[in-house]
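**Student:** Per the working numbering, the sequence shown runs over residues 1 to 415.
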Amino acid sequence: KIFKAVVSSVGHDGTIYIIPESFEIELKNLMTEIQRSFKCLGLLEPYPWKKGETCVVRGSDTMYYRGKVIGLDGNTVQVQYIDCGRIERIPPCHLYPTTLYTSIPPLCIPCQLYKTVPIGNCWQQDAIDCLQNVLTNEEVEVHVEELPDNPWGKLSISLYLGGMSLSSFMAFQKYCVVEVREDVPELGLSNGDVPVSPSYKLPLLPIPGVTFPVTVTHLVSPKEVYICLDPSKNLGQQGATGRDASHDFEGLDEALKSCNENVESLHPLTHFQTGMPCLAQYKNGLWYRAKLLSIGKLGPVKILVQFVDCGSFSVVPMNRIRHIPSHLLQYPVQAVEVLLAGFKPALYDKNVERIPYSPEWSMEALWAMMYCVEGKQLSASVLTLSPKVTISLYEDDNSLVHMKLIEMGLADLDE
1 KIFKAVVSSV GHDGTIYIIP ESFEIELKNL MTEIQRSFKC LGLLEPYPWK KGETCVVRGS
61 DTMYYRGKVI GLDGNTVQVQ YIDCGRIERI PPCHLYPTTL YTSIPPLCIP CQLYKTVPIG
121 NCWQQDAIDC LQNVLTNEEV EVHVEELPDN PWGKLSISLY LGGMSLSSFM AFQKYCVVEV
181 REDVPELGLS NGDVPVSPSY KLPLLPIPGV TFPVTVTHLV SPKEVYICLD PSKNLGQQGA
241 TGRDASHDFE GLDEALKSCN ENVESLHPLT HFQTGMPCLA QYKNGLWYRA KLLSIGKLGP
301 VKILVQFVDC GSFSVVPMNR IRHIPSHLLQ YPVQAVEVLL AGFKPALYDK NVERIPYSPE
361 WSMEALWAMM YCVEGKQLSA SVLTLSPKVT ISLYEDDNSL VHMKLIEMGL ADLDE
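Below, the structure is given as structure tokens:
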């Protein structure tokens, strides 16, 4: 069975408590009745609480909730909220014994992730924190996998948040191991979608020494940039396959245009692996090819992706990531990460603002390089292909781009 629910809480043992959408009206009516029945209660005289006893709890929001005593701890009573699963230590003055409403079963269901084994065989505190941040009060889709032997036991489920498999997400975070992956056809993937993690093809670069036109699409630092080869020019790089670069560019452009016209047919991403191809929505509202890099933020979940055809990075929510149709993988990535040869950072000056992730370079040098390359048609020649592609980058007058940084004192020559 598949149904919608809201996660009401996550227990300290990793139990996930859900309130099915079909229970919401009944829970609302019950809460209204409880408030009406207990609104005039005053302070309770000392009472000998016993484990297993039912009660109502006056919460910090002044609302009354059904509860059950699960432990006694000095001056507080450990209580579980029956209809959300949450466990708290409550001062006795906020509890009232009652036998009302005990015939109504709990309106939340305790669940566990199906065939998902936490590292060390029990959920560690950082994993619990992650589950609580990601799930609490979120609407989810629940796939029932196994019923418990005990009617009050935990329901074994596969759980999807915004189309994302929670088990896969937790495994991606290295909090657990999934013994069996959720059945892909059940997710409604078509034959044209890629459920596993292939990789993108890399473009063929011109042979070393050949000058070819490029544009710079993204800067990591003044020395590390992403370039796109100009497909409209004859680049002379057909030697290995005879394939025309402009053919790839035009085919990719048409394929992406078709995907953007049929966004509703793109399936949400359900499984995660570093470097996995996907489609991601850019800030202009259009969908482009990308790859997963890491979890960028929790509560709500956001993913760090890189757009492979320009090199830029973005942290996007789950609803802006989709499975990539397989035919989009036949085209090589358009952006190539390269190092620029011939210069190095100027002498370090601690009084100058630095690039946080590349402190050997000043922010001024980065802005200067952006001014030199942004939106301009440049040319390049390959010097080496390994360990990283290294090029010389030229302006339209055949002068080296980095010479302007040298003249400004923002970089030094590197022989």
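Quick reminder that beta carbons are idealized off the backbone N, C-alpha and C, glycines included.
Strictly by DSSP, which residues pair up with F212?
**Tutor:** According to DSSP, F212 bridges with A380.
**Student:** Tell me whether the region 217-224 and the region 331-343 touch, counting them as touching only if at least three CB pairs, one residue from each stretch, are closer than 8 angstroms.
**Tutor:** Flag = yes, the region 217-224 and the region 331-343 touch.
**Student:** Three or more C-beta pairs closer than 8 angstroms, one from the region 388-400 and one from the region 360-380: is that the case here?
**Tutor:** The region 388-400 is in contact with the region 360-380.
**Student:** May I ask you to list the residues that DSSP assigns as paired with H12?
**Tutor:** H12 pairs with nothing; no bridge assigned.
**Student:** Can you check which of these residues, M276, N29, E33, E146, is closest to I321 by C-alpha distance?
**Tutor:** Among M276, N29, E33, E146, the Cα nearest to that of I321 belongs to M276.
**Student:** Measuring alpha carbon to alpha carbon, tell me which residue in K174, G74, T102 is nearest T116.
**Tutor:** Ranking the options by Cα distance to T116, first place goes to K174.
**Student:** Please work out which residues of its chain come closer than 6 angstroms, Cβ to Cβ, to L166, disregarding the five sequence neighbours upstream and downstream, and give them in chain order.
**Tutor:** Cβ neighbours of L166 beyond the five flanking positions: L159.
**Student:** Taking the beta strand (DSSP E) that C111 belongs to, which residues open and close that run?
**Tutor:** Its beta strand (DSSP E) spans residues 109-113.
**Student:** Ordered along the chain, which non-local residues of its own chain (more than five positions away) have a Cβ less than 8 angstroms from that of N260?
**Tutor:** Only L286, W287 meet the Cβ criterion.
**Student:** Exposed or buried, what is F313 when buried is set at 16 or more other beta-carbons lying within 10 Å of its beta-carbon?
**Tutor:** Classification of F313: exposed, given that the 10 Å Cβ count is below 16.
**Student:** Does the beta-carbon of P325 have 16 or more other beta-carbons within 10 angstroms, so that it is buried, or is it exposed?
**Tutor:** P325 should be labelled buried.
**Student:** Can you tell me which of the three DSSP states F23 falls into?
**Tutor:** Helix at F23.
**Student:** Do three or more CB pairs link the region 22-42 to the region 132-146 at distances below 8 angstroms?
**Tutor:** Contact between the region 22-42 and the region 132-146 is absent, because fewer than three Cβ pairs lie under 8 angstroms.
**Student:** Determine the direct distance from the alpha carbon of R86 to that of S60, and round the result to whole angstroms.
**Tutor:** So the alpha carbons of these two residues sit roughly 14 angstroms apart.
**Student:** Can you name the residues that DSSP bridges to T390?
**Tutor:** DSSP lists L339, T384 as partners of T390.
**Student:** Helix, strand or coil, according to DSSP, for S258 in the structure here?
**Tutor:** Correct three-state label for S258: helix.
**Student:** Nearest to P84 by alpha carbon, out of I18, A280, I34, Y101?
**Tutor:** In the sequence as presented, Pro is not what sits at residue 84; that position holds Cys. Comparing Cα-Cα distances from C84 to each of I18, A280, I34, Y101, the minimum goes to I18.
**Student:** Can you give the Cα-Cα distance for E145 and C111, rounded to whole angstroms?
**Tutor:** Approximately 11 angstroms between the Cα atoms of the pair.
**Student:** Using a 10 Å radius around the Cβ and a threshold of 16 neighbouring Cβ atoms, would you call Y348 buried or exposed?
**Tutor:** Exposed is the call here.
**Student:** Give the single residue among K154, K28, C55, I119 whose Cα lies nearest to the Cα of L100.
**Tutor:** Checked all of K154, K28, C55, I119; the closest Cα to L100 is C55.
**Student:** Within this structure, are the beta carbons of L413 and M369 separated by less than 8 angstroms?
**Tutor:** Their beta carbons are not under 8 angstroms apart, which means L413 does not touch M369 by this criterion.
**Student:** Can I303 and E141 be called in contact, C-beta distance under 8 angstroms?
**Tutor:** Contact: no.
**Student:** Provide the residue(s) that pair with L219 in DSSP beta bridges, ordered along the chain.
**Tutor:** Answer is V225.
**Student:** Is it buried or exposed, M164, if we count other Cβ atoms within 10 angstroms and call 16 or more buried?
**Tutor:** Result: buried.
**Student:** Is it right to say V305 is buried, meaning 16 or more other beta carbons lie within 10 angstroms of its own, or is it exposed?
**Tutor:** Classification for V305: buried.
**Student:** Taking the continuous beta strand (DSSP E) assigned at I70, which residues delimit it?
**Tutor:** Note, I70: beta strand (DSSP E), 64-73.
**Student:** Report all residues from its chain with a CB closer than 8 angstroms to the CB of E186; omit the five preceding and five following residues, and keep chain order.
**Tutor:** With a pLDDT of only 36 at E186, under the threshold of 50, the placement of this residue in the model should not be trusted, and no figure is reported.
**Student:** Determine the direct distance from the alpha carbon of I157 to that of T390, and round the result to whole angstroms.
**Tutor:** Straight-line Cα distance between these residues: approximately 50 angstroms.
**Student:** From P105, V57, G14, G71, pick the residue whose C-alpha is nearest to that of E26; which is it?
**Tutor:** Out of P105, V57, G14, G71, P105 has the C-alpha closest to the C-alpha of E26.
**Student:** Once you ignore the five residues that flank I82 on each side, which residues in its own chain have a CB closer than 7 angstroms to its CB?
**Tutor:** Once the five neighbours on either side are set aside, the close Cβ partners of I82 are R66, G67, K68, P106.
**Student:** For Q80, count neighbouring C-beta atoms within 10 Å of its own C-beta (all shown protein chains included) and say buried if the count is 16 or more, exposed if not.
**Tutor:** Answer is buried; the Cβ neighbour count reaches 16.
**Student:** What first and last residue would you give for the beta strand (DSSP E) that runs through I303?
**Tutor:** Where I303 is concerned, the enclosing beta strand (DSSP E) stretches over 302-307.
**Student:** Would you check if the distance between the CB atom of R289 and the CB atom of V316 is smaller than 8 angstroms?
**Tutor:** Contact flag unset, no.
**Student:** Beta-carbon within less than 6 angstroms of G162's beta-carbon, same chain only, minus the 5 sequence neighbours each way: which residues are those?
**Tutor:** M318, N319.
**Student:** In this structure, does DSSP put E250 in helix, strand or coil?
**Tutor:** Helix.
**Student:** Can you find a C-beta in chain B that's less than 8 angstroms from the C-beta of T76?
**Tutor:** Judged by its chain identifiers, the structure shown contains no chain B, having just a single protein chain.
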